[in-house]
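Q: Just dropping this structure here.
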């Protein structure tokens with residue numbers, strides 16, 4: 001019998017704030033198991049950081065064993081009973097057992113039995129060795145025998161482990177399973193009454209009755225209050241206090257932020273399932289699929305789930321749609337700043353978080369102040385001012401002590417101007433986004449921020465942080481400070497702000513189109529409204545100091561956006577604009593004149609399916625570093641960008657036949673790919689054929705490192721025609737007509753050639769000494785012999801001393 005579940009707590013269990021001193025108490029018969037099974041189990045528990053009481057290890061010398069063991073049992077979260085053949089011989093073991101069962105019933109202690117070389121029925125019915133032991137006990141301890149028998153029955157009815165049947169009797173594997181299960185069931189031994197959590201114990205006493213644990217049923221409880229008011233702290237403390245009483249638990253943090261990421265809700269659904277079911281991985285493909293999985297898998301489980309920082313009713317509907325999703329006795333806690341989210345979800349109770357009173361506020365502030373628990377005289381008046389300003393807000397009190405205030409002021413004032421601007425852009429636009437995201441880093445680099453260095457400076461000055469998931473983050477109040485700097489003395493006049501986003505953009509659009517907007521430096525627009533793009537662009541045309549603009553309009557394919565003729569405005573000259581991201585923007589016949597933005601460095605257009613022409617003035621731009629054009633099916637005219645001597649990245653993907661509509665550029669003797677700076681070239685989905693590559697024999701790309709030629713029409717691809725001396729990465733996947741891939745550059749390190757159905761030959765790669773990765777997934781015609789030749793060549797190269805990845809699946813047809 002393997003461990004299925006531990007004992008459940010009865011309905012009359014009271015919730016105390018008592019501290020558990022030990023994680024685990026071991027009850028065992030010393031002469032049976034002390035130097036064998038128990039010794040190995042105790043060592044494994046200690047190695048996992050599980051603080052365990054074992055009488056010969058933790059009992060102070062000379063102390064009476066009886067009272068010490070009673071106290072140790074009461075101070076342990078989990079009691080492990082090792083029933084061995086001679087366990088019942090010991091009246092001391094039986095007394096321990098009685099007290100353990102009592103603690104289970106009155107204190108919510110978790111009990112886990114282990115049947116070591118003994119059958120559970122032998123314990124339950126007191127047969128064989130257990131029966132013989134009780135014959136002796138009847139003669140000596142008649143008054144205790146009945147309570148001992150009852151304790152044995154109760155304990156043996158709890159699901160546990162029979163070591164004979166766990167892992168086919170392998171003791172080490174059995175112990176590992178036991179320790180893993182114990183680790184999953186543990187909660188922190190520090191109670192919510194921790195001195196560092198000022199005021200939490202009182203708030204828990206007020207909150208606990210609303211859970212109505214003793215009445216069973218299924219309840220959803222909302223915790224509502226201002227940001228930084230202690231909602232998460234209270235929920236976390238309650239979670240730690242009661243989580244051991246449920247079959248499965250999950251604390252889902254930062255839902256507001258996490259749900260905004262790509263596939264965010266699906267990942268949150270996966271986290272609920274994996275955490276509650278204690279599984280390493282479960283994949284949710286779609287949100288609707290996740291809803292069904294949660295309801296199906298948790299329908300019969302008593303669960304405790306905390307949904308922290310929810311700001312959207314739809315998110316609740318996807319994560320805990322109704323009480324019917326969960327089993328009897330389940331409790332769902334929801335923390336939010338928006339009461340409407342809770343009323344809309346029809347929770348059972350809304351608990352309004354109470355802020356700290358003056359005494360609690362001063363105590364918390366002093367704990368986080370540099371002087372320790374008492375404010376030194378110099379800080380006394382300042383402390384009172386800060387506490388009064390914070391208004392009982394715990395989060396504010398933790399950071400607004402004298403040391404932090406002084407440090408923040410010194411940190412921000414000490415920044416260079418460019419670092420201050422970088423901080424404001426991150427605070428306004430990129431909090432919660434991935435650090436090192438290519439698009440974000442391009443924007444910050446285009447603004448001249450030198451972001452890699454600048455971000456390190458901001459982290460060192462505690463103005464921003466990088467989370468474990470690699471995202472930009474900062475304290476809520478630090479972000480509010482940044483917003484205040486941006487809005488200045490005109491919080492309700494977005495046209496006077498240096499940066500605008502969200503509702504501010506719409507407010508500006510409602511104003512006079514000819515008004516002066518010479519304060520705005522950056523704008524981010526992401527709108528689902530089909531009737532807004534034209535108006536937004538008209539307004540943007542009046543922004544003289546614009547550094548970058550990111551426009552993302554979600555439009556149906558059939559809808560058109562006609563850009564204003566004066567964007568970019570020829571007479572205005574947006575000399576500062578360096579980054580333009582226009583996803584699904586230009587749905588008209590052609591882009592407008594680029595004369596007004598001569599310093600443009602990065603230009604991105606994705607999904608403009610009706611766009612036919614990019615204006616000839618685009619070819620006059622001399623400072624282009626990155627050009628990315630994807631999924632513009634009807635593009636017919638693209639000007640030569642021969643003047644772009646700084647071009648490092650060109651992505652031209654899925655825009656029809658690349659060669660057909662560029663007769664005067666690439667085929668020109670001075671083809672516009674002659675930029676010696678080009679590092680990355682993506683010509684996937686461009687209908688390129690053998691003749692196109694032969695025509696490109698004059699290309700001189702001495703610094704090109706990445707080349708993507710996936711999904712084209714090559715039959716033979718011979719790299720001897722191309723002078724690519726530094727090429728490291730090549731992708732020719734899904735070139736289903738490709739038969740031969742020949743004369744790879746000696747510098748090549750990675751080749752991706754998946755689903756190249758016709759591929760028969762790779763040519764001689766013996767000169768490719770640094771080739772360390774070769775992927776040939778899907779159909780191909782190389783066969784086993786061809787695969788062996790390729791692998792042997794790789795093993796003869798220099799890369800073998802570091803790392804080699806070779807994936808091949810061949811198929812004759």
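Numbering (UniProt numbering), first residue to last: 1 to 813. Quick reminder that beta carbons are idealized off the backbone N, C-alpha and C, glycines included.
Once the 5 residues before and after residue 457 are set aside, which same chain residues still bring their CB inside 6 Å of it?
A: Cβ neighbours of residue 457 beyond the five flanking positions: 419.
Q: By alpha-carbon positions, which one of 590, 601, 606, 622 ends up nearest to residue 613?
A: Comparing Cα-Cα distances from residue 613 to each of 590, 601, 606, 622, the minimum goes to 590.
Q: If you follow the alpha helix (DSSP H) that residue 294 is in, where does it begin and where does it stop?
A: First-last of the alpha helix (DSSP H) with residue 294: 287–298.
Q: For residue 708, which option in 684, 647, 688 has the closest C-alpha, if you only look at C-alpha atoms?
A: Answer by Cα proximity: 684.
Q: Return the chain-ordered list of same chain residues with a C-beta closer than 7 Å to the C-beta of residue 768, the five sequence neighbours on each side being excluded.
A: Excluding sequence neighbours, residue 768 sits near 744, 746, 748, 797.
Q: Taking buried to mean at least 16 other C-beta atoms within 10 Å of its own C-beta, is residue 291 buried or exposed?
A: Classification for residue 291: buried.
Q: Does DSSP classify residue 28 as helix, strand or coil?
A: Looking at residue 28 - three-state DSSP - the assignment turns out to be coil, as it is neither helix nor strand.
Q: Using DSSP's beta-bridge definition, name the partner residues of residue 522.
A: DSSP output for residue 522 lists 499, 548 as bridge partner(s).
Q: Distance check for residue 437 and residue 716, CA to CA, integer angstroms please.
A: Distance between the alpha carbons of residue 716 and residue 437 is about 36 Å.
Q: For residue 677, which three-state DSSP category applies?
A: Of the three classes helix, strand and coil, the one that applies to residue 677 here is coil, per DSSP.
Q: State yes or no: is the C-beta of residue 710 within less than 8 Å of the C-beta of residue 735?
A: A contact, by the Cβ cut-off of 8 Å.
Q: Under three-state DSSP, which class holds residue 201?
A: In the structure shown, residue 201 sits in a helix (DSSP, three-state: H, G or I).
Q: When burial is assigned at 16 or more other CB atoms within 10 Å of the CB, is residue 500 buried or exposed?
A: Per the 10 Å Cβ criterion, buried.
Q: Between residue 305 and residue 350, how many whole angstroms is the CB-CB distance? I'm expecting something under 8 Å.
A: About 17 Å separates the two Cβ atoms, so there is no contact after all.
Q: Based on the DSSP secondary-structure assignment, which residues constitute the bridge partners of residue 603?
A: Paired residue(s): 580, 627.
Q: In three-state terms, what does DSSP make of residue 716?
A: Looking at residue 716 - three-state DSSP - the assignment turns out to be strand.
Q: Skipping 5 residues on each side, what residues in its chain have a beta carbon closer than 7 Å to that of residue 277?
A: Cβ neighbours of residue 277 beyond the five flanking positions: 248, 297.
Q: Quick check on the DSSP output: the beta strand (DSSP E) that includes residue 792 runs from which residue to which?
A: Counting along the chain, residue 792 falls outside any beta strand (DSSP E), though it belongs to the alpha helix (DSSP H) covering 783–795.
Q: Could you give the distance in angstroms between the alpha-carbon of residue 95 and the alpha-carbon of residue 242?
A: Going by the C-alpha atoms only, they are around 28 Å apart.
Q: Which residues mark the beginning and the end of the alpha helix (DSSP H) in which residue 458 is found?
A: Segment 451–460, the alpha helix (DSSP H) holding residue 458.
Q: Hey, out of 255, 261, 288, 284, whose CA is closest to residue 334's CA?
A: Selected option, being the one with the closest Cα: 255.
Q: Please check the pair residue 741 and residue 759, which I expect to be a contact at CB under 8 Å, by giving their CB distance rounded to whole angstroms.
A: The Cβ separation is near 7 Å, so the contact holds.
Q: Mind checking who residue 220 pairs with in its DSSP beta bridge?
A: Answer is 332, bridged to residue 220.
Q: Could you say if the region 477–489 and the region 441–448 meet the contact criterion of at least three C-beta pairs nearer than 8 Å?
A: The region 477–489 vs the region 441–448: no contact.
Q: Considering only C-alpha positions, which residue in the set 730, 766, 341, 765 is nearest to residue 754?
A: Taking only the C-alpha atoms, the option nearest residue 754 is 730.
Q: Using alpha carbons as the reference points, say which of 317, 33, 109, 496 lies closest to residue 76.
A: Among 317, 33, 109, 496, the Cα nearest to that of residue 76 belongs to 109.
Q: Return the CA-CA distance between residue 314 and residue 38, expressed in angstroms with no decimal places.
A: Cα-Cα distance, rounded: 51 Å.
Q: Within 10 angstroms of the Cβ of residue 868, are there 16 or more other Cβ atoms? Answer buried if so, exposed if not.
A: As displayed, the chain neither begins before 1 nor continues past 813, which places residue 868 out of reach and without an answer.
Q: Have a look at residue 554 and residue 342 and give me their C-alpha separation to the nearest angstrom.
A: Residue confidence for residue 554 is low, a pLDDT of 47 falling below 50, so the modelled location carries little weight and cannot support an answer.
Q: For residue 71, which three-state DSSP category applies?
A: Here residue 71 sits in helix by DSSP.
Q: Roughly how many angstroms lie between the CA atoms of residue 782 and residue 704, to the nearest whole one?
A: The alpha-carbon atoms of residue 782 and residue 704 are separated by roughly 28 Å.
Q: Please check the pair residue 546 and residue 539, which I expect to be a contact at CB under 8 Å, by giving their CB distance rounded to whole angstroms.
A: About 11 Å; that fails the 8 Å criterion.
Q: Name the residue from 310, 792, 791, 117 whose alpha carbon lies nearest to the alpha carbon of residue 162.
A: Selected option, being the one with the closest Cα: 117.
Q: Given residue 84, which residues of its chain have a CB within under 6 Å of its CB, disregarding the five upstream and five downstream residues?
A: Cβ within range, chain order: 29, 32, 33, 116.
Q: Tell me, please, whether the CB atom of residue 540 is closer than 8 Å to any CB atom in chain D?
A: Given the protein chain composition of this structure (a single chain), no chain D is represented.
Q: Who are the near neighbours of residue 281 in its chain, counting only those whose CB is closer than 7 Å to its CB and skipping five residues on each side?
A: Cβ within range, chain order: 274.
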